[in-house]
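Encoded as structure tokens, the structure appears first; notes follow it.
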Amino acid sequence: MTQWLERHVPKVVLAPTFAAILLFVYGFIGWTAWVSFTRSKLMPRYEIEGVIQYTKLFASPRWDTAMNNLFIFGTLFIVISMILGLALAILLDQKIRTEGFLRTVYLYPMALSMIVTGTAWKWILNPGLGLQATVQGWGFENFQFDWLVNPDYAIYTVVMAGVWQSSGFVMALFLAGLRSVDGEIIKAAQVDGIPTPRIYSAIIIPSMAPIFLSAFIVLSHLAIKSFDLVIALTGGGPGYATDLPATYMYAMAFSRGDIGQAASSAMIMMMVVFAIVVPYLYSELRAKHD
Amino acid sequence: MTDATLISPRAGTRTTGQKVTRLALRYGLYALLFLFALYYLLPLFVMVSTSLKSLDEIRTGSLVALPREVTFEAWKTAWSGACTGIQCEGLKPYLWNSLLIAIPGVAISTIIGALNGYVFAQWRFRGANLMFALILFGCFIPFQVVLLPMARMLGLMGLAGSIPGLIFVHVVYGLGFTTLFFRNYYVTIPMELVRAAKIDGAGFFRIFWSIFLPISLPIIVVSVIWQFTQIWNDFLFGVSFSEAGTQPVTVALNNIVNSTTGVKAYNVDMAAAILAALPTLLVYVVAGKYFIRGLTAGSVKG
Amino acid sequence: MKFTSVFAASTAALMIATPVLAEPKAEVLHWWTSGGEAKSVAVLQQEFADRGGEWTDMPVAGGGGDAAMTALRARVLAGNAPTAVQLKGPAIQEWYEEGVLADISDVAEEQKWADVLPAAIAEHMKCEGHWCAAPVNVHRVDWIWANKEILDANGIEMPTTWDEFNAAAEKLQAAGITPLAHGGQAWQDATVFETVVLGLGGAEFYKAALVDLDNDALTSDTMKAVFDEMRVLRGYVDDNFSGRDWNLATAMVMNGEAAFQIMGDWAKGEFLAAGKVPGEDFLCGATPGKGFLYNVDSFAMFEVDGDDNKEGQAILSELIVGPSFQETFNLNKGSIPVRTDVSLEKFDMCAVKSSEDMIAAEEAGSLLPSYAHGMALRGAQSGAITDVVTAHFNSDMSSDEAVQMLSDAVANSM
Chain A
126 MTQWLERHVP KVVLAPTFAA ILLFVYGFIG WTAWVSFTRS KLMPRYEIEG VIQYTKLFAS
186 PRWDTAMNNL FIFGTLFIVI SMILGLALAI LLDQKIRTEG FLRTVYLYPM ALSMIVTGTA
246 WKWILNPGLG LQATVQGWGF ENFQFDWLVN PDYAIYTVVM AGVWQSSGFV MALFLAGLRS
306 VDGEIIKAAQ VDGIPTPRIY SAIIIPSMAP IFLSAFIVLS HLAIKSFDLV IALTGGGPGY
366 ATDLPATYMY AMAFSRGDIG QAASSAMIMM MVVFAIVVPY LYSELRAKHD
Chain B
3 MTDATLISPR AGTRTTGQKV TRLALRYGLY ALLFLFALYY LLPLFVMVST SLKSLDEIRT
63 GSLVALPREV TFEAWKTAWS GACTGIQCEG LKPYLWNSLL IAIPGVAIST IIGALNGYVF
123 AQWRFRGANL MFALILFGCF IPFQVVLLPM ARMLGLMGLA GSIPGLIFVH VVYGLGFTTL
183 FFRNYYVTIP MELVRAAKID GAGFFRIFWS IFLPISLPII VVSVIWQFTQ IWNDFLFGVS
243 FSEAGTQPVT VALNNIVNST TGVKAYNVDM AAAILAALPT LLVYVVAGKY FIRGLTAGSV
303 KG
Chain C
608 MKFTSVFAAS TAALMIATPV LAEPKAEVLH WWTSGGEAKS VAVLQQEFAD RGGEWTDMPV
668 AGGGGDAAMT ALRARVLAGN APTAVQLKGP AIQEWYEEGV LADISDVAEE QKWADVLPAA
728 IAEHMKCEGH WCAAPVNVHR VDWIWANKEI LDANGIEMPT TWDEFNAAAE KLQAAGITPL
788 AHGGQAWQDA TVFETVVLGL GGAEFYKAAL VDLDNDALTS DTMKAVFDEM RVLRGYVDDN
848 FSGRDWNLAT AMVMNGEAAF QIMGDWAKGE FLAAGKVPGE DFLCGATPGK GFLYNVDSFA
908 MFEVDGDDNK EGQAILSELI VGPSFQETFN LNKGSIPVRT DVSLEKFDMC AVKSSEDMIA
968 AEEAGSLLPS YAHGMALRGA QSGAITDVVT AHFNSDMSSD EAVQMLSDAV ANSM
């Protein structure tokens, strides 16, 4: 008995977590899948009615907008956060005297909830109240910055605020990566007279591949879950020009009492997640074989 | 610290012309960094300056200008006088609830995550990779999806509306991340160490306790920061799984800020928002240094 | 049968004999959390406490109750429903269909609610014939607020038709004043839309289009004219209206940056809070057209266990509709009492007008539920309409397209 326990202790330790994840993640995904085939309205019901919710979903222009926005927002948010994060990390790694202060400044937005920073952003971006009005007040009458109120550009303001919130975290990831690159190799390269930008592009950045992957996963998970950001900044507007799948789902489930519809949109979202995460997990697992 | 620097401050052997360029670059670098700092600080500036204005000034003046007259009235109201319902006691009473949820939530998910990570990194068994993948995928589930079934489960477990219920939810959905952090950290430690300890007769927990735990401070910091931020800032679970008396501070903040048909007191809103965020800000400022160190120490190496 | 009547009799007996064993209790879920609103609810708590009740407050603000509704669903699924919940319009009947609402007909009949409430409004409080909710107030939605100084300076009267409004707006625009202060949030777009539907189409049309969802009405020329007018109104709004909170739009009228705002009577609270006087600093009038769009707040009573909770529920229902709470609450809130027998002596001129118009509309059959505020339709349908309205208002969609989209969206939401 003791011996059995001794041998199986690792599995016993994992068992509760695994059971919890099976039930509370996969069980719930299964539940959502089931409900997405019903006509659930205010509360979940369980009589299967077929794919009607999916038909409705794909017929809805608002869902189209939401999916388009997810691609625009997701791509820009991830790419800009990464570039900005990497740039800040490299700049901050130049033996800057005020590094501690700057690092905290770049990082702090992650600590604030969007419930209220959203209001501050809304004011800043509003042409009549914020940046545009201020700069015009300085005498630059032609200065224009009205993305927030322009249906075609509003989604980019969501990107701005999103990048503001998350790029500091990415900066931290990259800074950590820069600090853990082997110093000997770099010294050798410097002795060989290789110019510094080249050292970065050829040696340091390629060696941080795993960090790009981690940053990508953290950012894509934030992009897909982005909800507070949109609600606080634009409320999905103008019109529903800045709706994202997460806000669409929430609106259907909780303000419109159309849980079946919400469940079907959730399933599509899960599939998007799946398409992004599975390749990552696959590469994670392959790395384990060496 | 890498020794490669784009613009080295020590340029002893170079010509004067090069020195000048270097110096200019160096100033340019600082200017650039502080310019970015402005972008990051702008919303905080708006929040702080608004919180120091009187309501009249907000109504009549520019929303993003500096206060003409500084008053701390709004802060006092936000702390102990703003109405969050029929009680007008400000945020004060709710901070306690949030602490009661966050501290055990962070502690439990970190401890379990550490043990899980230890198993995944050092005690591999058949199927461990698949299990890890499944747990990791759990990080990505949108929380809106789990609200309703979770409510039902909490009801069945008798935890509905209670603080233990909220702790439970946060632990369950935090485990994926904490497990990931610890696994990626422990995986850099050579397997030989465990093998040698086993030969010496040390068991599973003994090895964890005397070899792994002592070197875990950096990654514990990472896990604590991540989980504390997530739990403290959570609104969706807080509003759904609480009842009168167990509502966390984000729900109270929402009640102050998001009233629909009432008169809006923006100065109080902003002060309340900053107050509610102070614990997380504090954690970032104090532990930020260790955060980077913890990440450096291996957590991000895939 | 026998058992129930014995039970009913004993509850009735309990209610007469006040000193009961179980202390009445109520947990109340609502989204009135800001100063004035919260004070109004506190009045109810006080009255409840005076009757020996123990009130547990469960406030959840945000988005007109979205967050509160999220919490409510979680609570009901967990088998832990609150005693009373702020709910309104057809949502009450929707929850009833889920089998979770209690019957409060005993109290309602004893208090003769049917005699003091306007019939149209009373109907919202009933679930298959019995009473299941208690109404709190009547907000009028079809108000137009104006800055008196601006109107006087430009020689403009409060408009009584949309053509008059357009003419006035042109004049103001020529004078360099923003005619209409508006906040571009979906629900605010919908608020303006429904007043235009009422104004251009009349009560019958409003009912056909936004209550009965009659497809002929939705695709009619009148509806096209409504969208045309929305397009015209879009031209009277300043450039920065997107996402603006309604109270900031109110502030624009107050500060003389804009002349008019179309908004429910909660806007009055903003004016009053800034020390403005109705009739002197600002004017209130019904939006062009005949009718009265109401937005009635109410508390639905949920099925709860335990005599203490049931007792609390009965007392609460009685107090909510009671004249004293109706008066104090509505004075605080800017709305008018839902009872028609409450004296309006202490109310301001806007509230008195609102009450007179309500009674007149009731007689004329033009007392109508506001669709934009969830009184006329269920969430899925009203949401589908709002999607179209706000998409049209914020783009250059033609009225023909909008009408087609409207018809499709309504069909798709069924």
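Protein chains in written order, with the numbering used here: chain A, 126 to 415; chain B, 3 to 304; chain C, 608 to 1021.
Glycine included, each C-beta is placed from N, C-alpha and C at the ideal position.
Proximal residues, the stretch 130-147 of chain B versus chain A, C-beta separation under 9 Å: Ala130, Asn131, Leu132, Met133, Phe134, Ala135, Leu136, Ile137, Leu138, Phe139, Gly140, Cys141, Phe142, Ile143, Pro144, Phe145, Gln146, Val147
For Asn754/C, the residue or residues it bridges with in DSSP: One-based indexing of the third sequence puts residue 754/C at position 147. Paired residues: Phe889/C.
Along the alpha helix (DSSP H) that carries Phe906/C, what are the first and last residues, could you check? Counting from one through the third sequence, the residue named residue 906/C turns up at place 299. Unbroken run through Phe906/C is the beta strand (DSSP E), 899-908; no alpha helix (DSSP H).
According to DSSP, is Ile623/C part of a helix, a strand, or is it coil? Within the third sequence, residue 623/C is the residue found at index 16, counting from 1. For Ile623/C, the predicted model reports a pLDDT of 44, less than 50, meaning its position is unreliable; a value from the coordinates is still stated below. Note: Ile623/C maps to helix in three-state DSSP.
Of all Cβ atoms in chain B, is any one closer than 8 Å to the Cβ of Leu684/C? Counting from 1 along the third sequence, the entry for residue 684/C is found at position 77. For Leu684/C, the answer is yes, since a Cβ of chain B falls inside 8 Å of its Cβ.
Residue closest to Leu298/A, alpha-carbon to alpha-carbon, out of Tyr278/A, Ile324/A, Phe341/A: Within the first sequence, residue 298/A is the residue found at index 173, counting from 1. For the residues Tyr278/A, Ile324/A, Phe341/A, the minimum Cα distance to Leu298/A belongs to Phe341/A.
Alpha-carbon spacing of Arg747/C relative to Gly264/A, whole angstroms: Within the third sequence, numbered from 1, the residue matching residue 747/C stands at position 140. Within the first sequence, numbered from 1, the residue matching residue 264/A stands at position 139. Going by the C-alpha atoms only, they are around 44 Å apart.
Quick check on DSSP: helix, strand or coil for Glu661/C? Here the question's residue 661/C lines up with position 54 in the third sequence. Here Glu661/C sits in strand by DSSP.
Excluding the 5 residues preceding and the 5 following Ile751/C in the sequence, name in chain order all residues of the same chain whose CB lies nearer than 6 Å to its CB. Within the third sequence, residue 751/C is the residue found at index 144, counting from 1. So the list reads Phe867, Ile869, Gly892, Thr894, once near-sequence residues are dropped.
May I ask which residues mark the beginning and end of the beta strand (DSSP E) holding Lys632/C? Along the third sequence, one-based indexing puts residue 632/C at 25. Note, Lys632/C: beta strand (DSSP E), 632-637.
Have a look at Val959/C and Gln718/C and give me their C-alpha separation to the nearest angstrom. What you label residue 959/C is simply residue 352 of the third sequence in a count that begins at 1. What you label residue 718/C is simply residue 111 of the third sequence in a count that begins at 1. Going from the Cα of Val959/C to the Cα of Gln718/C covers about 25 Å.
Whole-angstrom distance between Gly806/C and Ser827/C, CA atom to CA atom: Position 220 of the third sequence holds residue 827/C. Position 199 of the third sequence holds residue 806/C. Cα to Cα, the separation comes out at about 15 Å.
Considering only DSSP beta bridges, list what Cys734/C is partnered with. To locate residue 734/C, count along the third sequence from 1; it is residue 127. In DSSP, Cys734/C forms a bridge with His737/C.
Thr947/C, DSSP secondary structure in three states: Within the third sequence, the letter at position 340 stands for residue 947/C. Three-state DSSP puts Thr947/C in coil, outside helix and strand.
In angstroms, rounded to a whole number, what distance separates the CA positions of Thr190/A and Asn235/B? Sequence index remark: in the first sequence, residue 190/A carries index 65 (1-based). Sequence index remark: in the second sequence, residue 235/B carries index 233 (1-based). Looking at the two C-alpha atoms, the distance is approximately 28 Å.
Cutoff 8 Å: Phe379/A Cβ touching any chain C Cβ: Translated into the one-based positions of the first sequence, residue 379/A becomes position 254. Yes, Phe379/A lies at the interface with chain C (some Cβ there is under 8 Å from its Cβ).
Would you call the CB atoms of Val884/C and Leu840/C closer than 8 Å? Looking up residue 884/C in the third sequence gives position 277. Looking up residue 840/C in the third sequence gives position 233. No.
Spatial neighbours of Glu630/C in its chain, beta-carbon cut-off 7 Å, leaving aside the 5 residues before and after: For the purposes of this step, residue 630/C is identified with residue 23 of the third sequence, where counting begins at 1. Hits under 7 Å: Gly659, Glu661, Asp915.
Are there three or more Cβ pairs, one per stretch, closer than 8 Å when the stretch 316-330 of chain A is compared with the stretch 219-238 of chain A? no
Helix, strand or coil for Thr321/A per DSSP? By 1-based counting over the first sequence, the position of residue 321/A is 196. In this structure, Thr321/A counts as helix in the three-state DSSP scheme.
Consider the Cβ of Gly986/C: report whether some Cβ of chain A lies at a distance smaller than 8 Å. Counting from one through the third sequence, the residue named residue 986/C turns up at place 379. True, the Cβ-Cβ gap to chain A drops below 8 Å.
Under a CB-based cut-off of 8 Å, is Ser1002/C close to chain A? In the third sequence, the residue the question calls residue 1002/C occupies position 395. Yes, its Cβ sits closer than 8 Å to a Cβ of chain A.
Beta-carbon proximity list for Ala832/C, same chain, < 7 Å, skipping 5 on both sides: For the purposes of this step, residue 832/C is identified with residue 225 of the third sequence, where counting begins at 1. Once the five neighbours on either side are set aside, the close Cβ partners of Ala832/C are Leu807.
Helix, strand or coil: how does DSSP classify Ile191/B here? Against the second sequence, residue 191/B aligns to sequence position 189. Ile191/B: coil per DSSP, three-state reduction.
Under a three-way DSSP split, which group does Pro742/C fall into? As a working mapping, residue 742/C is identified with position 135 in the third sequence. Pro742/C falls in the strand class under three-state DSSP.
Can you list, in chain order, the residues of its chain with a C-beta nearer than 7 Å to that of Asn251/A? Leave out the 5 residues immediately preceding and following it. Walking along the first sequence from the start, residue 251/A turns up at place 126. Taken in chain order, the residues that qualify are Leu273.
Own chain residues within Cβ distance below 6 Å of Ala6/B, not counting five before or after: Working through the second sequence from its first residue, we reach residue 6/B at position 4. In this predicted model, Ala6/B has a pLDDT of only 49, less than 50, meaning its place in the structure is not dependable; the value taken from the coordinates is given anyway. Result list for Ala6/B: empty, nothing under 6 Å.
Going by other Cβ atoms of all chains shown within 10 Å of its Cβ, with 16 needed for buried, is Ser973/C buried or exposed? Looking up residue 973/C in the third sequence gives position 366. Label assigned to Ser973/C: buried.
Under the three-state DSSP convention, the category Ile143/B falls into: Residue numbering aside, residue 143/B sits at position 141 when the second sequence is read from its first letter. Here Ile143/B sits in coil by DSSP.
What are the boundary residues of the alpha helix (DSSP H) that Pro370/A is part of? By one-based count along the first sequence, residue 370/A stands at place 245. Pro370/A -> alpha helix (DSSP H) spans 370-375.
Relative to the alpha-carbon of Arg381/A, which residue among Gln693/C, Gln988/C, Asp713/C has its alpha-carbon at the smallest distance? The residue given as residue 381/A occupies position 256 in the first sequence. Nearest C-alpha to Arg381/A: Gln988/C.
Counting contacts by CB-CB distance shorter than 8 Å, is Lys181/A in contact with chain C? Within the first sequence, numbered from 1, the residue matching residue 181/A stands at position 56. True, the Cβ-Cβ gap to chain C drops below 8 Å.
Which of helix, strand or coil DSSP assigns to Pro363/A: Against the first sequence, residue 363/A aligns to sequence position 238. Of the three classes helix, strand and coil, the one that applies to Pro363/A here is coil, per DSSP.
Does the beta carbon of Lys413/A sit closer than 8 Å to a beta carbon anywhere in chain C? The count along the first sequence starts at 1 and reaches residue 413/A at position 288. Bear in mind that a pLDDT of 48 at Lys413/A, under 50, signals an unreliable position, so the number given afterwards is only what the model happens to contain. For Lys413/A, the answer is no, since every Cβ of chain C falls outside 8 Å of its Cβ.
For Ala760/C versus Gly362/A, is the C-beta distance shorter than 8 Å? Mapped onto the third sequence, residue 760/C falls at position 153. Mapped onto the first sequence, residue 362/A falls at position 237. Not in contact: Ala760/C and Gly362/A (Cβ atoms no closer than 8 Å).
Alpha carbons only, please: which of Glu811/C, Gly863/C, Gly871/C, Ala858/C is nearest the one belonging to Phe878/C? Along the third sequence, one-based indexing puts residue 878/C at 271. Closest option to Phe878/C, Cα to Cα, is Ala858/C.
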